[in-house]
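Chains as they are written, first to last, in this note's numbering: chain A, 1 to 206; chain B, 1001 to 1206.
Single-structure report; data block below.
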């Protein structure tokens, strides 16, 4: 498109690098930025510069943090001893937004995947094992995707931790509020095999 | 979301200001930016700074430009004397991408809309009339939306220009390749009233 100025082309290119943003959308966003230059650009620049300069990963759990330790690990109100293990910060945020968990987290930074050349040493598993020793952790809740890589990772970690740490996985089954006819065969089949006695079903929610 | 660092929150906020980007999408984009910090942020910063410092509007036609005059107005291969009048740079780009027009453009920067308090003086109409005097323009092609505001603007401009400038509007009718049953009643009705004789229909495409 030689009819566009190079600075505008560069902005479209930057925007089209983002996931799910095609050329057309990038152009629409770039036009918005140009048309609202005075309001949009300074805020954008400052937030990008802040993220570039400040944002790092929590040295304890791997969550995003502006300092060495993230706001969750620093919070004295969080229950100690219970750690929820997740693949990524994305999953941490999703769990945090449910408001159902008050312990701390541990972000692995991926899952074991021999086919992609990702082994246990590429993940933050050693840090997790060190935390278990140092922080008197008694429970690990594995909130890991139910995939081959997820199950491999879950099994590997469960083998590494000492017997006095209880390891559980988040419940797997049909979604709450979901209609059965839309559940996939595998999930539905497993949900029948691993059925929950009625008295436990409602106890669990208390 | 007090579990997120403030720099990350600020980036989400900047992104969610863009049109069509909600909170969830903004978070996904922000995560991509953070996870690919080293590749994404420098390019983003430089393109935003470039746009902020360089990008302006062409003093002749109102298109985006890195200099006083845009690449289209500077291009000696463009046909002089024929000007396509559009509402916004967005429309200019859309027409330019068809490859069917080789003259120059004039961007009005809006349409006359008494209800929104936009009169002829708020648009680049005076500049257009000055160009007609100065540049020996013989033809104006009005590529303006077929709305009340668009028709008002079209009529107003056609009244202002001298008789020796021919003024036309881009064709209105059913879309090419479109199925008739999906055309709206008004368009279809007008398309019948303003039918084109068969010999002109195919002549026009040559």
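Yeah, the Cβ is synthetic: ideal placement off N, Cα and C, and Gly gets one too.
As the structure is a computational prediction, the values presented were derived from the model and not from experiment.
Nearest neighbour of residue i, chosen from the options [CA to CA]
i	options	result
residue 1051 of chain B	A/8, A/49 and A/115	A/8
residue 1069 of chain B	B/1017, B/1174, B/1054 and B/1184	B/1054
residue 91 of chain A	A/109, A/155, A/154 and A/194	A/109
residue 113 of chain A	A/102, A/136, A/97 and A/87	A/87
residue 49 of chain A	B/1058, B/1060, B/1056 and B/1037	B/1037
residue 1043 of chain B	A/13, A/124 and A/157	A/13
residue 163 of chain A	A/59, A/4 and A/129	A/129
residue 1030 of chain B	A/40, A/27, A/30 and A/18	A/18
residue 1058 of chain B	B/1195, B/1156 and B/1124	B/1124
residue 158 of chain A	A/146, A/189, A/174 and A/140	A/140
residue 1185 of chain B	B/1173, B/1040, B/1035 and B/1056	B/1173
residue 1035 of chain B	A/63, A/28 and A/39	A/63
residue 65 of chain A	A/127, A/93 and A/134	A/93
residue 1111 of chain B	B/1074, B/1135, B/1095 and B/1152	B/1152
residue 142 of chain A	A/167, A/122 and A/101	A/167
Euclidean distance between Cα positions of residue i and residue j
i	j	result
residue 1144 of chain B	residue 1085 of chain B	7 angstroms
residue 6 of chain A	residue 1165 of chain B	34 angstroms
residue 1016 of chain B	residue 1023 of chain B	6 angstroms
residue 107 of chain A	residue 191 of chain A	28 angstroms
residue 10 of chain A	residue 1169 of chain B	34 angstroms
residue 1089 of chain B	residue 1148 of chain B	20 angstroms
residue 1025 of chain B	residue 61 of chain A	25 angstroms
residue 1181 of chain B	residue 1098 of chain B	26 angstroms
residue 206 of chain A	residue 77 of chain A	At residue 206 of chain A, the pLDDT of 43 sits below 50, so the modelled position is not reliable; the number obtained from the coordinates is stated separately. Using only the alpha carbons, I get a separation of about 21 angstroms.
residue 41 of chain A	residue 154 of chain A	44 angstroms
residue 80 of chain A	residue 137 of chain A	7 angstroms
residue 1183 of chain B	residue 1189 of chain B	10 angstroms
residue 1156 of chain B	residue 1082 of chain B	19 angstroms
residue 74 of chain A	residue 1116 of chain B	52 angstroms
residue 1194 of chain B	residue 1146 of chain B	15 angstroms
residue 32 of chain A	residue 56 of chain A	30 angstroms
residue 150 of chain A	residue 1020 of chain B	33 angstroms
residue 1175 of chain B	residue 1199 of chain B	19 angstroms
residue 122 of chain A	residue 101 of chain A	27 angstroms
residue 171 of chain A	residue 120 of chain A	24 angstroms
residue 291 of chain A	residue 135 of chain A	The requested residue 291 of chain A does not occur in the structure, where chain A is confined to residues 1 to 206.
residue 197 of chain A	residue 39 of chain A	58 angstroms
residue 1067 of chain B	residue 177 of chain A	58 angstroms
residue 187 of chain A	residue 45 of chain A	45 angstroms
residue 1028 of chain B	residue 27 of chain A	19 angstroms
Anticipated Cβ contact below 8 angstroms, residue i with residue j, distance rounded
i	j	result
residue 1072 of chain B	residue 1104 of chain B	6 angstroms
residue 1118 of chain B	residue 1161 of chain B	Not confirmed; about 20 angstroms, so no contact.
residue 1003 of chain B	residue 96 of chain A	5 angstroms
Any non-hydrogen atom of the ligand FAD within 7 angstroms of residue i CB
i	result
residue 85 of chain A	With respect to the ligand FAD, the structure offers nothing, as it holds no ligand at all.
Proximal residues, the stretch 1071-1092 of chain B versus chain A, C-beta separation under 9 angstroms | 1071, 1072, 1075, 1088, 1089, 1090 and 1092
Positions along the stretch 10-22 of chain A whose CB lies within less than 8 angstroms of some CB in chain E = Any reference to chain E falls outside this structure, whose protein chains are A and B.
Residues of the stretch 152-165 of chain A with Cβ closer than 9 angstroms to any Cβ of chain B, in chain order = none
In the stretch 1092-1124 of chain B, which residues sit with their C-beta less than 9 angstroms from some C-beta in chain A, listed in chain order?
-> Correct list: 1092, 1093, 1096 and 1097.
Every unbroken beta strand (DSSP E) within the stretch 1157-1194 of chain B, with a cutoff of 3 residues, ordered by chain = Listed in chain order, they are 1166-1169.
Which ranges does the alpha helix (DSSP H) cover as unbroken runs of at least 4 residues, wholly within the stretch 1095-1161 of chain B, from first to last along the chain?
-> 1125-1134 and 1148-1160
Chain-ordered residues of the stretch 21-35 of chain A with a beta carbon less than 9 angstroms from chain B | Within the stretch 21-35 of chain A, the residues whose Cβ lies closer than 9 angstroms to some Cβ of chain B are 21, 25, 27, 28, 29, 30, 31, 32, 33, 34 and 35, listed in chain order.
Members of the stretch 1136-1153 of chain B near chain A, C-beta cut-off 7 angstroms = Identification of residues in the stretch 1136-1153 of chain B having a C-beta nearer than 7 angstroms to some C-beta of chain A yields an empty set.
Check each residue of the stretch 1054-1066 of chain B: if its Cβ is closer than 7 angstroms to any Cβ of chain A, include it; give the result in chain order.
-> Under the 7 angstroms Cβ criterion, the stretch 1054-1066 of chain B contributes 1054, 1055, 1064, 1065 and 1066.
Using a Cβ cut-off of 9 angstroms, which residues of the stretch 1040-1054 of chain B contact any Cβ in chain A, in chain order?
-> The stretch 1040-1054 of chain B vs chain A, Cβ under 9 angstroms: 1040, 1041, 1042, 1043, 1044, 1045, 1046, 1047, 1048, 1049, 1050, 1051, 1052, 1053 and 1054.
Return the chain-ordered ranges of every beta strand (DSSP E) run that is complete within the stretch 26-95 of chain A and spans a minimum of 3 residues.
-> 82-86
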